[in-house]
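Student: In mature numbering (1 follows the signal peptide of the UniProt record, and there is no 0), the protein residues as written are -19 to -1, 1 to 255.
(1) How big is the Cα-Cα spacing for residue 39 and residue 77?
(2) Should the segment 122 to 133 be called in touch with the segment 146 to 153, which here means at least 3 C-beta pairs below 8 Å?
(3) Based on the DSSP secondary-structure assignment, which residues constitute the bridge partners of residue 2?
(4) Tell me, please, whether the segment 25 to 33 touches the segment 104 to 111 by the rule of three or more beta-carbon pairs shorter than 8 Å.
(5) Could you check whether the Cβ of residue 62 sits closer than 9 Å to any Cβ belonging to chain C?
(6) Can you list, in chain order, the residues of its chain with a C-beta nearer than 6 Å to that of residue 135? Leave out the 5 residues immediately preceding and following it.
(7) Using CA coordinates, which residue listed in 63, 54, 10 is at the minimum distance from residue 47?
(8) Using DSSP bridges, identify the partner residues of residue 126.
(9) So who's on the other strand from residue 41, going by DSSP bridges?
(10) Going straight from the alpha carbon of residue 256 to that of residue 87, what length do you get?
(11) So the beta strand (DSSP E) residue 102 belongs to, where does it begin and stop?
(12) Does residue 142 come out as helix, strand or coil in the three-state DSSP assignment?
(13) Assign residue 211 to buried or exposed, taking buried as 16 or more other Cβ atoms, counted over all protein chains shown, within 10 Å of its Cβ.
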């Protein structure tokens, strides 16, 4: 009887310890959901395929009207593709494949719509859209900015490993607070409707078009962001392109804001106008 009690106690302890660990996503997964930016009244649907093993990812926006591809093994430093309607002097909304190649300073990497949660900690449980979820939290301070990230996760039995639980993403939220301005400068969240770790067919990562992809013109790192906008929203975030474009804006227009407070305010406005 004592042995049975100890075995049950051990299983409970192991299960409890397991549930406190932040989720580790499968290296191959497919996700559908919506990116919501309340201040801008934006709700943007996305459909994402991620294959870390083959070094390929793809994210579609607006029901597939815009498609972005991150292909790490194409070229020396990877290739990023964007298929979207383009209007020129000669054509209106012509579906075009644009290409930007990675460089030694800007290597193309696979992009997930799920945050890297290794630094998150469990802070409790909470129901989200009627589902019981574990609630994970992470906080970082960068200069005058305090960013908080919250991730809600539910679980189901893994189809590949029946004895294990598979984490299912439900919601991921970011809030940014600027202590210098005394206000929030950023707030958005991703709601996940579908998650699968089935193998992804090769054709998902192939661009099927009659015309070849063409190079994307323009200086700076800003065009890398337009080819992979999700990188700005999923932890660990990349906002270097915002700083690059803001510095270029200051230089081009000879701006002198007079104080750190005013410059921080103008940077905040500039970011929301990108």
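By construction, the Cβ of each residue, glycine as well, lies at the ideal position given by its N, Cα and C atoms.
Tutor: So, to answer that:
(1) Their backbone Cα atoms lie some 16 Å apart in a straight line.
(2) Taking a contact to require three or more Cβ pairs closer than 8 Å, the segment 122 to 133 and the segment 146 to 153 qualify as touching.
(3) Under DSSP, no beta-bridge partner is assigned to residue 2.
(4) Because the criterion of three Cβ pairs below 8 Å is not met, the segment 25 to 33 and the segment 104 to 111 do not touch.
(5) Annotation note: the requested chain C is absent from the structure, which comprises a single protein chain.
(6) Excluding residues within five positions, the ones whose Cβ falls inside 6 Å are 112, 114, 149, 151.
(7) For residue 47, the nearest C-alpha among the options comes from 63.
(8) According to DSSP, residue 126 shares a beta bridge with 123, 159.
(9) BP columns for residue 41 point to 28, 48.
(10) Residue 256 is absent from the model: the chain starts at -19 and stops at 255.
(11) Counting along the chain, the beta strand (DSSP E) containing residue 102 begins and ends at 102 to 109.
(12) Under the three-state reduction of DSSP output, residue 142 falls in the coil class, being neither helix nor strand.
(13) Buried, since its Cβ has 16 or more Cβ neighbours within 10 Å.
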